[in-house]
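The listed protein sequences derive, respectively, from chains V and E. Note that this note's numbering numbers the first sequence so that position 63 is 63, with each residue one more than the last. Note that this note's numbering numbers the second sequence so that position 25 is 1025, with each residue one more than the last. The beta-carbon is built from N, C-alpha and C at its ideal position, and this holds for glycine as well. These numbers come from a predicted model, not from an experiment. Working notes, structure below.
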Amino acid sequence: MSSSGPTGFLGRSSSSNSNMRGLVQFIADLRNARARELEEKRINKELANIRQKFKDGSLNGYHRKKYVCKLLYIYILGWNVDFGHLEAVNLISGTKYSEKQIGYLAMTLMLHEQHELLHLVVNSIRKDLLDNNELFNCLALHAIANVGSREMGEALSGEVHRLLISPTSKAFVKKKAALTMLRLYRKHPGIVQPQWAERIISLMDDVDLGVALSVTSLVMTMAQDNFEQYKGAYAKAAGRLKRIVVDGECPSDYLYYKVPCPWIQVKLLRLLQYFPPSEDSHVRGMIRESLQTILDLALETNKNVQQNNAQNAVLFEAINLIIHLDTEHALIKQISSRLGRFIQSRETNVRYLGLDAMTHLAARADTLDPVKQHQEIIIGSLKDRDISVRRKGLDLLYSMCDTSNARVVVGELLHYLQNADFAIREEMVLKIAILTEKYATDVQWYVDISLRLIATAGDHVSDEVWQRVIQIISNNEELQVYAAQNIIKYCKQDHCHETLVKIGAYILGEFGHLIAEEKGCSPIEQLMALQDKLTGCSSSTRGMILSCFVKFVNLFPEIKPQLVNVFSVYSHTLDPELQQRACEYLTLASMPTDDLLRTVCDEMPPFPERESALLSRLHQKHSKTSDKRTWVVGGKDANTDAAELALAKQGGSLRRTFTTAGGANGGARGTAAAAAAAAANGRSAAQDLAGLDMANIGPAETKTLRVPNLASAAHLSPGWEKGYNRLLLRSDGVLYEDGQIQIGVRSEYRGQMACLIMYFTNKTPALISSFTTTLDLDGSEKGKLTWDVKGLPDTAIAMGAQAQQVIVFEAKTVFEKSPTIRISYLAGALQALTLKLPVAMHKFMEPAELTGEDFFKRWKQIGGAPREAQRIFGLAPGLREGSREITEGHVRAVVEGFRWGVLRGVDPNQKNFVGASVVHTSEGGRFGCLLRLEPNYGTQVSAALLWGGVLG
Amino acid sequence: MMVDIGLNDKAKIVKDVSQLVLARRTRMCNFLEYKDTKIVYRRYASLFFIAGCSSEDNELITLEIIHRYVEQMDKYYGNVCELDIIFSFTKAYYILDELLLAGELQESSKKNVLRCISQQDALEDMEVEDEVTKIL
């Protein structure tokens, strides 16, 4: 039967449990047990037997292993096993692999991470991590990855890290170490030290796809919290994705039904979604090419289920990335039409995922038009036979709703609500309530829908919903009359839901007098409507009705006798809360003057502005996921960034602008009002989201642990100056060289543009891998000097070979500091350098020719500081004592090297140098520069006087 | 997603989710929502394989993890059936450990996984052999 694996000494491979006859027999017995009682009987017998064996002690490894295995089987069947844990721990500390393996399995299955026995195994695990046999390392890593706690992590993370990065670690150990690290990071992020980041990122280039996959999972998780620290992963992910998808770089073992390792593709595509889109045109180009290839490949139809699934898994992740990038308009167009087909697919999985992806699109897109095209089909999905699909349809309808289609969408949702599954009714009610509030432009519509919603959903209406309706009505005068007219109609019906009675009690108590003149709404009729409900309602609703009645005493003195009658009846009720209320109201109503009554029953002030409780409630459920959401269900405004939300919070959200429905004069005025309303909607919609849990979508602000930016000038490697200084005067040459690598630069400057080609030569006697470069510039200079990387160097450089990288710089305006580059690679261990690039302001100067007359004329125009500066300087001590003598020719070479045009015969003193040049910048414009240098060769301390000036 | 939960909660989740999955009909999709988690399941003959993942995770690729696991067992046991999994349940766990770790796929090459398991088997066999030699 066993076709693979070596055949063991005892016939069949020992891999099965067949060599433990007792165990096989036991399992067979249990399978033969016809009734649960028989199974229980057999198990109890076995448990007693095992307990006795353990108590007797002196079991050899084989027997201990067998009994632990039996316990494990009993445990898996769902029976309680409360002993034997210690025996499992003993197996772990043994020497035999097969015994350890069972011990570890029992430990990881039966003990949870806080179990006290786990303290006992930390040392055994450490020993196995240090063992020379990799299989033992793997057992230990599995154990940590399955039950590792923060404490275990703190004790063992160093060893796990060593196994991850050691050049001698085998691939199958490395990938386990990476995922074990991931587990520990999730338990406690502090376990992964910031300085490990660069080394870990470099492993994403590992030739072994299993290692690359595991490390990518690790990096993906950590990058969500430490965006700056892991930003180097972005270009790596883009590059690897392109190599796999476009260049077909994937060993045949990793083809899954012809799809090149879909798992790593999905991870890489996801990782890219945790970063803002790259500014770098080369990286963007690689991503675009990969995405297009994925879209094209998905067009091929295949028969095989697996291939289809794998391809679609990648496709849907690619769609998420395209939506995230938000810049690839051509790609967006392609996916919108394709999603339209997906949501009509005959395959349920595809319909489900299509709706999900479209919800993402609606959440992020600038315009909802591509989604709205499919409105009919989406509404139809609410009738799908699969509840999973119906839920997705609901999410999408909620996200695609705006002022233009709110009536249709809300109408459909209300209609569907009547037959919706109980499990989703409450959520639906919340969503309908939010949409109604958000997109209402019309008084009647808001009131009609809100009341109908409550009438329809009844018991599924949470308190937040009806309270919010009252708040909105109270704070918006134009709603009050209409609301009062309608709620009384509901209250008059025999089957009026109690929640509507609550609203009725409040609204009529506050605004009943506004409609008292109307037919059917006279004070006595209002009273009757509510009084009829008193008996059938809960205590809290009755309380509200009594409060309404005391307000009536104030508003409608003509029905006071009837009201007082109600109070006196309730002053004898058994419910203490209602009794107290009735007594107080009775006293209040029977006072000689109604001064106090008037004060108490004065119109309620508007509700204070607050976050919408509806949204907080809706988003409560999205609080605990392991990976951060890249978007949330809801329109674009639900996904705007935290800062915008905070800003929007300050405004008023309860106060709304409605266009008056009655005003049918239309014309320009109507449209203007609608526009104003729409603007108001936009604002209040964002404000409503104030209750949203931002921790899920915004950058994590809690972890602002500053990490060193190794690419910055603060971390320059020793020996960087020599090449840098030399290249300040020259366009080509060696920037840096050591025993392992030589870095050369060639450069060309044209106006404000510069093209730098960097050459990296491997001087080691072996291949160097994971070659990575990262550019950086001091924060104060950002925007002054920009760059675009035109290509990335190969990640692997053979012995003696060379890789190159082209970078184009643009001087936007005057800058002072040179950019820096971090170069890292694996040559056994991780090697890294930070160098300053010879890109400085003077490189963008162009020597100019001027006559003496012009020179002095312009010099005068400069007009002193701050546009003129003077400096006296000596030469560095090292140079002074050197053999080189400072001659006129040498000075001239330096001046010209700094890109000055040396003007002859301008200065009366022939020894002095006079120069002119023009600085080119793209945004700051061009600047003329003038220079006068007065060298003093006489003294040993060569001094010079430099005059400079800038003409705008 | 990794969550550590008590044994009682675990039993309840297993019960809830099994009921939900068993109630679904064919031709429905392979995904459903359970609390904050997404359930991805697939049926092979009378056996259901059920995975839970975060609501953010890619559903289809999770579905294919299940399939890869089944294929991997098929390759190891040779035309795997329920009895193989029951009688050598420990092996089913060892194979899973080679495939998934910390809830993430660690290896998608069938050959590499098989090699790891074979190494384990070889080591075990060697130990058994040593034992027998000692006895003799």
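*Hey, is Arg183/V's beta-carbon within less than 8 Å of any beta-carbon in chain E?*
Residue 183/V sits at position 183 when you count from the first residue of the first sequence. With 8 Å as the cut-off, Arg183/V counts as an interface residue toward chain E.
*Contact list for the region 1019-1033 of chain E against chain V, Cβ threshold 7 Å*: So the list reads Arg1027, Met1028, Cys1029, Asn1030, Phe1031, Leu1032 and Glu1033, given in the order they occur along the chain.
*Contacts around His842/V, its chain only, beta-carbon distance under 7 Å, and the 5 residues preceding and following it disregarded*: Along the first sequence, read from residue 1 onward, the residue named residue 842/V stands at position 842. These residues qualify, in order along the chain: Phe898 and Arg899.
*List the residues of chain E that Ala313/V touches, going by C-beta distances under 9 Å, in chain order.*
As a first step, residue 313/V is located in the first sequence; it is residue number 313 there, counting from the start. Against Ala313/V, the close residues of chain E are Asn1058, Glu1059, Leu1060, Ile1061, Thr1062, Leu1063 and Glu1064, in the order they occur along the chain (beta-carbon pairs closer than 9 Å).
*Does any CB atom of chain E fall closer than 8 Å to the CB of Arg391/V?*
In the first sequence, the residue the question calls residue 391/V occupies position 391. Arg391/V has a beta carbon lying within less than 8 Å of a beta carbon in chain E.
*When the distance is taken between beta carbons, is Thr180/V closer than 8 Å to Leu1101/E?*
Numbered from its first residue, the second sequence carries residue 1101/E at position 101. Numbered from its first residue, the first sequence carries residue 180/V at position 180. Going by C-beta atoms, Leu1101/E is nearer than 8 Å to Thr180/V.
*Is Glu1098/E near Gly210/V, with beta carbons less than 8 Å apart?*
Mapped onto the second sequence, residue 1098/E falls at position 98. Mapped onto the first sequence, residue 210/V falls at position 210. Taking 8 Å as the cut-off, the Cβ atoms of Glu1098/E and Gly210/V do not count as close.
*Can you tell which of Val839/V, Ala801/V and Leu710/V has the C-alpha that lies nearest to the C-alpha of Leu824/V?*
As a working note, residue 824/V is residue 824 in the first sequence. The amino acid at residue 824/V is misidentified as Leu; the sequence shows Ser. Ser824/V has its Cα closest to that of Leu710/V, out of Val839/V, Ala801/V and Leu710/V.
*Excluding the 5 residues preceding and the 5 following His188/V in the sequence, name in chain order all residues of the same chain whose CB lies nearer than 7 Å to its CB.*
Counted from its first residue, the first sequence places residue 188/V at position 188. Hits under 7 Å: Arg150 and Gly153.
_Considering only the alpha carbon of each residue, which of Val481/V, Cys496/V and Ala457/V lies closest to Glu510/V?_
Counting from 1 along the first sequence, the entry for residue 510/V is found at position 510. Here the closest residue by C-alpha is Val481/V.
*Could you say which of Glu1131/E, Tyr1041/E, Met1073/E and Arg1043/E lies nearest to Ile1117/E if we only look at CA atoms?*
Taking the first residue of the second sequence as 1, we reach residue 1117/E at position 117. It is Met1073/E whose Cα lies nearest to the Cα of Ile1117/E.
*Return the Cβ separation of Leu954/V and Ser166/V in integer angstroms, given the expectation that the two are a contact with Cβ distance under 8 Å.*
Here chain V covers residues 1 to 952 and nothing more, so residue 954/V does not appear.
*Within the same chain, show all residues whose beta-carbon is closer than 8 Å to that of Asp854/V, passing over the 5 residues directly before and after it, in chain order.*
In the first sequence, residue 854/V corresponds to position 854, counting from 1. Excluding positions up to five away in sequence, the list is empty.
*Got a sec: is the Cβ-Cβ distance from Phe1049/E to anything in chain V below 8 Å?*
Position 49 of the second sequence, counted from the start, is the residue given in the question as residue 1049/E. At a cut-off of 8 Å, the C-beta of Phe1049/E has no neighbouring C-beta in chain V.
*Indicate whether the contact test is met: 3 or more Cβ pairs, each with one atom in the region 498-516 of chain V and one in the region 525-540 of chain V, closer than 8 Å.*
The answer is yes - the region 525-540 of chain V touches the region 498-516 of chain V, with three or more Cβ pairs under 8 Å.
*Across which residues does DSSP place Leu835/V in a beta bridge pair?*
Residue 835/V sits at position 835 when you count from the first residue of the first sequence. Per DSSP, Ile821/V.
*How about the region 415-429 of chain V and the region 469-477 of chain V: do they share at least three Cβ pairs that are nearer than 8 Å?*
No, the region 415-429 of chain V does not touch the region 469-477 of chain V.
*Would you mind telling me which residues of chain V sit closer than 8 Å to Ile1086/E, beta carbon to beta carbon, in chain order?*
Indexing the second sequence from 1 puts residue 1086/E at position 86. Ordered by position in chain V, the residues that pass the 8 Å Cβ test against Ile1086/E are Ile27 and Arg31.
*Using DSSP with H/G/I as helix, E/B as strand and the rest coil, what is Ser157/V?*
As a position in the first sequence, residue 157/V is number 157, starting the count at 1. Three-state DSSP puts Ser157/V in a helix.
_Through-space distance from Lys303/V to Tyr67/V, alpha-carbon basis_ = Reading the first sequence from its first residue, position 67 is the one you call residue 67/V. Reading the first sequence from its first residue, position 303 is the one you call residue 303/V. Straight-line Cα distance between these residues: approximately 48 Å.
*asked:* Which runs of the alpha helix (DSSP H) at least 4 residues long sit entirely within the region 15-57 of chain V? Give them in chain order.
replied: The qualifying runs are 21-32 and 36-56.
*Return yes when the Cβ of Ser388/V is within less than 8 Å of the Cβ of Tyr352/V, no when it is not.*
One-based indexing of the first sequence puts residue 352/V at position 352. One-based indexing of the first sequence puts residue 388/V at position 388. Yes; because the gap between Cβ atoms is below 8 Å, this pair is in contact.
*asked:* Once the 5 residues before and after Leu396/V are set aside, which same chain residues still bring their CB inside 7 Å of it?
replied: Sequence index remark: in the first sequence, residue 396/V carries index 396 (1-based). Closer than 7 Å at the Cβ level, and outside the excluded window around Leu396/V, lie Leu355, Met358, Thr359, Ala362 and Ile378.
_Nonlocal neighbours in the same chain, by C-beta distance under 8 Å from Gly61/V, ignoring five residues either side_ = As a working mapping, residue 61/V is identified with position 61 in the first sequence. Once the five neighbours on either side are set aside, the close Cβ partners of Gly61/V are Leu91, Gly94, Lys96 and Glu99.
_If I follow the unbroken beta strand (DSSP E) through Met753/V, where does it start and stop?_
Translated into positions along the first sequence, residue 753/V becomes position 753. That run of the beta strand (DSSP E) goes Met753 to Asn762.
*Measure from the C-beta of His142/V to each C-beta in chain E and report whether the shortest distance is under 8 Å.*
Taking the first sequence and counting its residues from 1, one reaches residue 142/V at position 142. Taking Cβ atoms only, chain E reaches closer than 8 Å to His142/V, which makes this a yes.
*Are there 16 or more other CB atoms within 10 angstroms of the CB of His495/V, so buried, or fewer, so exposed?*
As a working mapping, residue 495/V is identified with position 495 in the first sequence. So His495/V ends up on the exposed side.
_Once DSSP output is grouped into helix, strand and coil, what is the label at Val81/V?_
Locating residue 81/V in the first sequence gives position 81, counting from the first residue. Residue state, collapsed to three classes: coil.
*Arg391/V vs Glu1033/E beta-carbon contact at 8 Å*: Against the first sequence, residue 391/V aligns to sequence position 391. Against the second sequence, residue 1033/E aligns to sequence position 33. For the 8 Å CB-CB criterion, Arg391/V and Glu1033/E form a contact.
*asked:* Any C-beta of chain E within less than 9 Å: which residues of the region 66-82 of chain V qualify?
replied: Result list: Cys69, Leu72, Tyr73, Ile76, Gly78 and Asn80.
_Applying the 10 Å Cβ sphere with the 16-neighbour rule, what's the burial state of Arg1025/E?_
Here residue 1025/E refers to the residue found at position 25 when the second sequence is read from its first residue. By the 16-neighbour rule on beta-carbons within 10 angstroms, Arg1025/E is exposed.
*asked:* Need the endpoints of the beta strand (DSSP E) that Asp732/V sits in, please.
replied: To locate residue 732/V, count along the first sequence from 1; it is residue 732. First-last of the beta strand (DSSP E) with Asp732/V: Asp732 to Glu737.
*Anything in the region 252-277 of chain V with a Cβ closer than 7 Å to a Cβ of chain B? List those residues in chain order, please.*
No chain B is part of this structure, whose protein chains are labelled V and E.
*chain E beta carbons: is any one of them nearer than 8 Å to that of Lys624/V?*
The residue labelled residue 624/V in the question sits at position 624 within the first sequence. Any reading at Lys624/V is ruled out, since the residue's pLDDT is 43, under 50, leaving its predicted position unreliable.
*Determine, using beta carbons only, whether Ala1092/E comes closer than 8 Å to chain V.*
The count along the second sequence starts at 1 and reaches residue 1092/E at position 92. In terms of beta-carbon proximity, Ala1092/E stays away from the interface with chain V, with every pair separated by 8 Å or more.
_Contacts of Arg871/V in chain E (Cβ-Cβ under 8 Å)_ = The residue given as residue 871/V occupies position 871 in the first sequence. In chain order: nothing, as chain E lies at least about 59 Å away.
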